[in-house]
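> Next up is a structure, given as structure tokens.
Residue numbers (this note's numbering): 686 to 1603.
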């Protein structure tokens, strides 16, 4: 390794971290810097220290060749430990390609490293992490998260100057920021004194301060650059070349022509220089190749510790850049052909695919496509989804004539890989293209496979409809019990039931019966999922709770975290609708453990959806906003518009309750344009709360009939329509809605699938509807039950809202004692709203209390009322000042007085208040 110069502080820090690891406090150290700065050398220094202390040490190095297999850096690292990767990560050992399988494989590997480290410690060095595949980076993050209490130390080096297109590494570095036992070291250039010492060590003679200073200036203190320039310096600094690439070219030029040509060819083909392979590629005898390698080694360009390789990546990059493009392509094609004829070709599929692809257009397109697909298949089987998706993409981009079946298959497989990695939006586009190709080929099995790829994730209102594809495939498949037929029936039944189709219940029964006959766990899971969706209306809530229990049993038997998560979520949704909020909240802890193991964006989004729904119900609005925004960040640009829309809608609901201004008008209008028709009235309620009563009225009148509402959204649709019917004095509509809601009065208003918000007891909305019909005694009775139910469930925000509605009905009824009770309710509501941060409700309660006392409606002066009217028109303080011929500061003071008097917090609430006064 040579003498180690400088880096005293960094070396001491690494030594301290090693001591901590040996003491049982696992450590991760990330060493970053530009190429040649000494990252690898520093890692070697701590490895030498560890070996001297008797610790086992292993190392792996990523390759910049795209043909390296998945998890290559860890393959190398475990060779010295006699501990191979789990079979699931090498393309075998699991029938499942799920996130659960990947988690279990990662955890098995982590546990093996912890066991090896337990006696006296273990140091694992991962070099050139910037070139590692996404699966390897994910495995590193998993290891880092499980190192607490272990004697394991991981040291990883990477170029922080090359992160622009390394999304996986960038995300991993962000994830590791919050992990305990993590240290980052960024190396910069050596100071001039260390540069001088290094020059003297390399040259073996004294170097003047002037020359050392000039070398330091030109190299920035980069040790590799210093070493490259050292042999070229003379007494005059003008003899130094202009840059390090110039120095590499100069050293290449001093080689014999055969040696130079072979070295440049080798640089194009990979890190390791195999004499037999180079002989085949260059048409030179092996003896001539060995002679050339010896010459390059003597020139200091190669090392020969465990085989010939370039002394540094920058030397290889310089040599590769010297080879013309056509010559590079020919070399790749010849190397690919040589590898293809080997007995271990299939194990080297990724490497072979890389060389065939890089050889284009000189090479053979068909070979490039076929090997890229084989490499993708092996990566997919090894749970390296990111690498699999990339190989399939490159196979599709090869300009080879693909049969429709081949194209459909490649599109399907790429879409599947992207789905497993959480990129639903891109996957849906690819699967739609695959379906078109399968349809054109007349292949019902291919069409069915495309439909099933999105099972549990397709969006009935988006461009990709699993139901339609399932129906097409079923019409062409032969009759009889078979797994594909069951799963397609299940998919069709689930989405039909979810969107309100008439046959969902019947088809899901058929699918479940066939699944029982087949006795296949995967098929049974599909059938249970379809039954849950088919029974997602309020009348199926108890059955859904039982289905959740059955899903948990199946998931435990199959050790499938994804199945277990769905079981937990189904129970959560059902318990929320039953008003058993404490039990629903108890589902969150086991759900969190499953999500941590699955580590997929969609799983975490679902978990955050549940935590936010719980937080809203409890009145923990800060927590709800945080979780909803995190969920939105996870899926924006990666998932259906409907998932993005639901997250935005959750913010809109919180905004309506708190008046915080969480969603601007543009976001609200964007959501308005994309929302399915049956959700339009829900937007109407919230437009009214923002002060745009006329828009709310138009949406109420334009809303499609309640019959069009899909079963899971029925309760929410009834509740929002009731609020609008009461707001716009529509007694006939209110009576109809009350009759539809009454059978479900003991439930809570929430969705039957993927609960977003629990709006409290249905009794309260039944009371509002009856009040809108003029049936005040019945309304009071139902509202009292609604208040009691909300109090019992522990949903303080909706208990306060129900009390306010009860106060309004009592104020209208005006029986003896009603006024006093209404006033007491207003005081209670105002206090609760203040404590919860529900400013709009606090303001409305204060208005009603004022009216009950017989005070002036608002307590505003004539001038303040005029300002409030201008605010409602959307005017700024400057515009109001100009119109009223007052100073802008005076206008601002008026607005502040209005907010204080009305108990409001922002201009939007003033606009809403002004609209109600009209």
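Just so you know, even glycine gets a beta-carbon here, dropped at the ideal spot from N, CA and C.
(1) State the Cα-Cα distance for the pair residue 1328 and residue 937, rounded to the nearest angstrom.
(2) I'd like the ranges of any alpha helix (DSSP H) spanning at least 4 consecutive residues and lying wholly in the segment 1274 to 1345.
(3) Using a Cβ-Cβ cutoff of less than 7 Å, which residues in the same chain neighbour residue 1513 once the five nearest sequence positions on both sides are dropped?
(4) Would you call residue 701 buried or exposed, if buried means 16 or more other Cβ atoms sit within 10 Å of its Cβ?
(5) Under DSSP, the beta strand (DSSP E) around residue 712 begins and ends at which residues?
(6) Per DSSP, what are the beta-bridge partners of residue 743 in this structure?
(7) Curious, which full-length alpha helix (DSSP H) runs of at least 4 residues does the segment 1362 to 1445 contain?
(8) Starting from residue 839, follow the beta strand (DSSP E) in both directions and report where the run begins and ends.
(9) Taking 6 Å as the limit between beta carbons, can you name the residues of its chain near residue 1279, skipping five residues before and five after?
(10) Okay, do the segment 1280 to 1290 and the segment 781 to 801 touch, 3+ Cβ pairs below 8 Å being the bar?
(11) Classify residue 1458 as buried or exposed, calling it buried when 16 or more other Cβ atoms lie within 10 Å of its own Cβ.
(12) For residue 810, tell me which candidate among 762, 1209, 831 and 799 has the shortest Cα-Cα distance.
(13) Assuming residue 1435 and residue 1276 form a contact by the criterion Cβ under 8 Å, report the distance between their Cβ atoms to the nearest whole angstrom.
(14) Spatial neighbours of residue 1309 within its chain, please: C-beta separation below 7 Å, excluding the five flanking residues on both sides.
(15) In chain order, what residues of the same chain have a beta carbon less than 7 Å from the beta carbon of residue 797, not counting five sequence neighbours either side?
(16) With a threshold of 7 Å on Cβ separation, who are the neighbours of residue 705 within its own chain once the five nearest residues in sequence on each side are excluded?
(17) In terms of residues, what are the limits of the beta strand (DSSP E) holding residue 1460?
(18) Can you tell me which of 805, 729 and 722 puts its alpha carbon nearest to the alpha carbon of residue 709?
(19) Measuring CA to CA, which of 944, 951, 910 and 952 is closest to residue 932?
(20) Per DSSP, what are the beta-bridge partners of residue 987 in this structure?
(21) On the DSSP letters alone, give me the boundaries of the beta strand (DSSP E) that residue 868 sits inside.
(22) Does residue 957 come out as helix, strand or coil in the three-state DSSP assignment?
(23) For residue 756, does the three-state DSSP call read helix, strand or coil?
(24) Taking Cβ positions, are residue 1479 and residue 1267 nearer each other than 8 Å?
(25) If you reduce the DSSP assignment to three classes, tell me which class residue 1513 lands in.
(26) Would you grab the beta carbon distance between residue 1083 and residue 882 for me? Rounded to a whole angstrom, and I think it's under 8 Å.
(27) Buried or exposed, going by whether 16 or more other CB atoms sit within 10 Å of the CB of residue 1244?
(28) What is the residue span of the alpha helix (DSSP H) that residue 1116 lies within?
(29) Do residue 1162 and residue 1215 come within 8 Å of each other at the CB atom, strictly closer than that value?
(30) Spatial neighbours of residue 1134 within its chain, please: CB distance less than 7 Å, with the 5 preceding and 5 following residues excluded, ordered by chain position.
(31) Pick from 1407, 1577, 1595 and 1591: whose alpha carbon is nearest that of residue 1554?
(32) My understanding is that residue 1549 touches residue 1583, with C-beta atoms under 8 Å, so please give their C-beta distance in whole angstroms.
(33) With residue 812 and residue 746 assumed to form a contact (beta carbons below 8 Å), what rounded beta-carbon distance in angstroms separates them?
(34) Should residue 1040 go down as buried or exposed, given a rule of 16 or more other Cβ atoms within 10 Å for buried?
(35) Among 1336, 1305 and 1230, which has the Cα closest to the Cα of residue 1316?
(36) Thinking C-alpha only, which one of 894, 861, 916 and 897 is nearest residue 888?
Put simply:
(1) 57 Å
(2) 1286 to 1303, 1306 to 1320 and 1326 to 1343
(3) 1488
(4) exposed
(5) 712 to 718
(6) 809
(7) 1365 to 1374, 1378 to 1387, 1399 to 1412 and 1416 to 1426
(8) 837 to 844
(9) 1246, 1249 and 1250
(10) yes
(11) buried
(12) 762
(13) Actually they are not in contact, since the Cβ atoms of residue 1435 and residue 1276 sit about 17 Å apart, beyond 8 Å.
(14) 1297, 1300, 1301 and 1339
(15) 768
(16) 712
(17) Unbroken run through residue 1460: none, as it is neither H nor E.
(18) 805
(19) 910
(20) 995
(21) 867 to 871
(22) strand
(23) coil
(24) yes
(25) helix
(26) Going by Cβ atoms, the distance from residue 1083 to residue 882 rounds to 53 Å, so no, they are not a contact pair.
(27) exposed
(28) 1109 to 1126
(29) no
(30) 1097
(31) 1595
(32) 5 Å
(33) 4 Å
(34) buried
(35) 1336
(36) 916
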